[in-house]
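Only one structure is covered here, and it is reproduced in the block below.
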Amino acid sequence: RDRYTGLINRYRDHLPVNDDTPLISLGEGNTPLIRLKNIPRLLGKDVDIYVKYEGLNPTGSFKDRGMTMAVTKAVEEGSNAIICASTGNTSAAAAAYAARAGITAFVIIPEGKIAMGKLAQAMMYGAVIMQIRGNFDQGMQLVKEVAAQAPVTIVNSVNPYRLQGQKTAAFEIIEELGRAPDYHCLPVGNAGNITAHWIGYCEYSSAKSDLITEACAFCEGKCRYAGGPVIGGRPKMVGYQANGAAPFLRGAPVQDPETVATAIRIGNPQSWDKAWKVKEESGGWFDELTDQEILAAQKMLAEKEGIFCEPASAASIGGAMRDIKAGKIAEGSTVVCTLTGNGLKDPDTAIDQCKDSRMVTIDADLGAVRDAIVSNM
Ligand code: F0G
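Numbering (the UniProt record's numbering), first residue to last: 4 to 380.
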C-alpha cells in the first residue's frame with residue numbers, strides 16, 4: 004500500500020502541478036467522513052447525516068487543503084513571503100506551511116477577536132503577526148493593497164490555488180459515499196470553501212459549471228477531473244451564516260459583523276459572486292443562525308456524538324438539523340456537513356458555555372470520590 008503523503012500527491016492529475024513542482028505538504032486531507040448515530044434518532048427523521056471532520060487536518064482546519072496548494076505554487080514561482088488577513092485559521096495554516104517551506108508568513112488578524120488556539124499556532128509557527136484595531140474585512144483590504152506594492156504572495160482564498168486545493172474535499176466525499184450527497188451544508192464566511200466544494204463536485208461528475216472555466220484558466224483545464232468515474236449527481240449546496248454576520252441573507256455587505264463564531268465574523272465576502280453562482284447552479288440556499296443556535300449545535304454534537312468542532316463549524320450541523328426538522332431537507336436524503344475546524348481551537352468559548360458542566364471540586368480522598376460517583380450515576 005502506498006503511504007499517504009497529502010492531497011496534492013493523491014489528486015495530482017487534477018491539480019495544477021507537474022513532476023518538478025516542489026510539494027509543500029504536511030499530510031493534509033484524507034479526513035474522516037463520520038456517519039452520525041444519535042442525532043438523526045433524536046430528530047426523529049429518516050435522514051443519513053455525515054460530518055466531514057476537517058478539524059483533523061494538520062493545523063486543525065480545512066484551510067490546510069488550500070494552503071498546501073497555495074504555498075506550493077508560491078514557492079514554485081520563487082516567492083519568499085506570503086501574506087494573509089485572517090479570523091484565525093488561515094493564519095495558522097499559512098504560518099505552518101510557510102515554516103515547512105522556509106519562507107516568511109505575514110498575518111493580519113483582528114485584535115482580540117481570534118480564538119486562543121489559533122493565536123497560539125501563528126505564534127508557535129513563527130509568523131510575523133500584525134494585530135489590527137479593525138476587523139477581518141479591513142485586514143483583507145490592507146492585504147490586497149500592500150500585496151500590490153510589496154513582494155509578498157496573498158494566500159487568502161482570492162488566490163485561485165486555494166480553491167483548487169480545497170475542492171479535493173468533494174472528491175474524497177464522492178469516493179467514500181460512492182456518489183455525491185443530496186445536500187452539502189457548510190458554514191459561510193468569505194465563501195471560498197462553498198465555492199471550492201462546488202467546483203470539486205462539478206469536476207468529478209464532469210458537469211458544466213460557469214465557475215470551472217474561471218477556476219481553470221490558469222492551469223489550462225488540467226485540473227478537470229476527467230479520469231474519474233462519472234457517477235451520479237451533485238448536491239444542493241447550503242450555506243449557513245451567523246445572523247450578526249450574514250451578508251448573503253441581507254443581500255449586501257454588513258458593516259460591523261459580530262458573532263461568537265469568530266471564524267466567520269466577516270461582513271464583506273471575497274467570493275460574493277461565486278457563491279451566488281453556486282447557489283443558483285446547485286439549487287441550494289443560504290440561511291442564518293443565532294449565536295445561541297450555533298453554540299447549542301456545537302454542544303449537541305460533542306455530547307451526543309463525541310465530535311468536538313469549533314463554533315463556526317457547528318453552523319453547518321445546526322442549520323442542517325433545523326432544515327431537516329422543518330422538512331426542507333427531505334426524509335430519505337443523504338446530507339454531508341463540513342466541520343471546518345477543531346473544537347480545541349477555541350477553548351474559551353467551550354468552557355464559557357459549560358458552566359453547568361458535571362465538574363465537582365473535592366478533597367483528594369477515597370470517600371469524596373466515592374460520594375461523587377454515587378451522586379452522579
Ligand atoms: N469555518 C471556519 C472554522 C473558518 O475558519 C472559516 C473561515 C469558515 C468556516 C468559512 O469559510 O471563508 O471559505 O466561507 N476562516 C477564514 C480565516 C476567514 O481567516 O481563517 P469561507
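Even for Gly, the Cβ is constructed at its ideal location relative to N, Cα and C.
- In the DSSP assignment, Ala-84 forms a beta bridge with Thr-107.
- If you look at Asp-51, you'll find it in the beta strand (DSSP E) that goes 51-56.
- Looking only at Pro-113, Ile-376, Pro-154, Ile-202, the smallest Cα-Cα distance to Met-143 is reached by Pro-113.
- The alpha helix (DSSP H) runs of length 4 or more contained entirely in the segment 169-222 are, from start to end of the chain, 171-180, 195-207, 213-219.
- Between Val-110 and Ala-130, the CB-CB gap stays under 8 angstroms.
- Taking all protein chains shown into account, Cys-357 has fewer than 16 neighbouring C-beta atoms within 10 Å of its C-beta and is therefore exposed.
- Between the alpha carbons of Ser-64 and Gly-58 lies a distance of about 5 angstroms.
- For the pair Val-54 and Leu-342, the CB atoms are nearer than the 8 angstroms cut-off.
- Thr-265 counts as buried, since at least 16 other C-beta atoms from the protein chains shown sit within 10 angstroms of its C-beta.
- With 16 or more other Cβ atoms from the protein chains shown falling within 10 Å of its own Cβ, Arg-68 counts as buried.
- Minimum Cα-Cα distance from Asn-246 among the listed residues Gly-335, Val-191, Glu-178 corresponds to Val-191.
- Counting along the chain, Thr-71 sits inside the alpha helix (DSSP H) bounded by residues 66-79.
- The beta carbon of Leu-189 sits closer than 8 angstroms to those of Asn-196, Ile-197, His-200, Met-240, Val-241, Gly-242, Tyr-243, Ser-319, Cys-340, Thr-341, Thr-343, all from its chain and outside the five residues before and after it, given in chain order.
- By the C-beta density criterion, Met-72 is buried, having at least 16 other C-beta atoms within 10 angstroms.
- In this chain, the alpha helix (DSSP H) harbouring Leu-369 covers 369-379.
- By the neighbour-count criterion, in which a residue is buried when 16 or more other Cβ atoms sit within 10 angstroms of its Cβ, Asn-41 is exposed.
- Below 8 angstroms, enough C-beta pairs join the segment 285-292 and the segment 321-334 to call them touching: three or more.
- For Ala-108, the CB stays at least 7 angstroms from every heavy atom of ligand 1.
- Between the beta-carbon of Val-338 and that of Val-50 there is about 6 angstroms, and that keeps the pair under the 8 angstroms contact cut.
- Beyond the five residues adjoining it in sequence on each side, Thr-107 comes within less than 7 angstroms, by CB distance, of Asn-83, Ala-84, Ala-101, Val-131 in the same chain, given in chain order.
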